[in-house]
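Enquirer:
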Amino acid sequence: MIIAHRGAKGMAPENTLTAFRLGLTQGCEGIELDIHLTADEEIVVCHDMTLDRTTNGKGLIVEKSLSEIKTFDAGHWFDEEFKGETVPTLDEVFDLVPDNIMINVEVKYAYEGRIERKLVEFLRRRNRLSNVIVSSFDHKCVRRIKQMESEAKIGLLYQTALLDPTAYARSFDVEVYSLHPYFQMLDSEDVLKATESGLYVYPYTANEVKDLLKLTDFGVTGIITDFPGKLKALLQDRES
Ligand code: G3P
Ligand code: MG
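Per the UniProt record's numbering, the sequence shown starts with residue 1, numbered consecutively.
1. How about residue 108 and residue 47: do their beta carbons lie closer than 9 Å?
2. Mind checking who residue 181 pairs with in its DSSP beta bridge?
3. Indicate whether the contact test is met: 3 or more Cβ pairs, each with one atom in the segment 50-58 and one in the segment 68-84, closer than 8 Å.
4. Closest by CA to residue 44, which one among 119, 4, 26 and 194?
5. Please confirm if the segment 19-39 is in contact with the segment 87-98, defined as three or more CB-CB distances below 8 Å between the two stretches.
6. What is the DSSP secondary structure of residue 67, reduced to helix, strand or coil?
7. Among 199, 225, 157 and 174, which one has its Cα closest to the Cα of residue 185?
8. What does residue 200 pair with, by DSSP beta-bridge criteria?
9. So which residues put a beta carbon under 6 Å from any heavy atom of the ligand G3P, going in chain order?
10. Report the residue ranges of all beta strand (DSSP E) runs contained in full by the segment 98-149; include only those spanning at least 3 residues, in chain order.
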């Protein structure tokens, strides 16, 4: 599965509607995005806790209302051509992305559990639990989400080389759906063990041809990449 990281992040401003649209045009089968909570408890799509790097605003997202956040430009920093983009709400992204495309929602920060409740309510309202994976580096956070909503699919993000990722995932008292390792920390044995145990494996974020090919050979379920079009072309080349 080709998963567009923060949209087609390599070619458009990350986590904007344009980046997600471009990912879809390039043939992705899933999109990955990051979420935060606003002061008025809306869920918005942005990587950092602050607006500073990816918009012309400043400060913590959680200290600003959605209407204030919407006044900032989220495209110009990347290139003038993207001027006018705004920080999207999770609703706006879900409106854009067809039901057959997997959405990987990464929870960046738990906001004392508030974002978990909001997200579960949101996924129920959108009737989209079956084709969404909620992942986080905060494994207690995704565990709480699974405890709240048994239909939720949860994924474990990790950046270090765990001794036995499958055993770790299977040690949870709730069902873990997928592993999301940093791609450099993954080996073929990890993938084999995980998939044999019924876990899905989605490494992030691979962009170089040699890495994309290596991960494909490992038999991962999907690859999170900034360049979904490149991965698509590579897979098509291999088939022909
Ligand atoms: O979900 C995969 C990847 O996005 C995790 O790292 O920093 O790009 O959100 P980051
Ligand atoms: Mg992410």
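C-beta atoms are modelled at their ideal positions from N, C-alpha and C, and glycine is treated no differently. From a predicted model like this one, the values you see are computed outputs, not experimental measurements.
Expert: Let me spell this out:
1. In this structure, residue 47 lies closer than 9 Å to residue 108 by Cβ.
2. Per DSSP, 158.
3. Contact between the segment 50-58 and the segment 68-84 is present, because at least three Cβ pairs lie under 8 Å.
4. Ranking 119, 4, 26 and 194 by Cα distance to residue 44 puts 119 first.
5. Yes: the two stretches touch, three or more of their Cβ pairs being nearer than 8 Å.
6. Assignment of residue 67 by DSSP, reduced to helix, strand and coil, places it in the helix class.
7. The shortest Cα separation from residue 185 among 199, 225, 157 and 174 belongs to 157.
8. Listed as beta-bridge partners of residue 200 by DSSP are 178.
9. Selection around the ligand G3P by beta-carbon proximity, strictly under 6 Å to any non-hydrogen atom, yields 5, 32, 34, 47, 106, 135, 157, 180, 204, 205 and 224 in chain order.
10. Within the segment 98-149, the runs of beta strand (DSSP E) that reach at least 3 residues and sit entirely inside it are, in chain order, 102-107 and 132-136.
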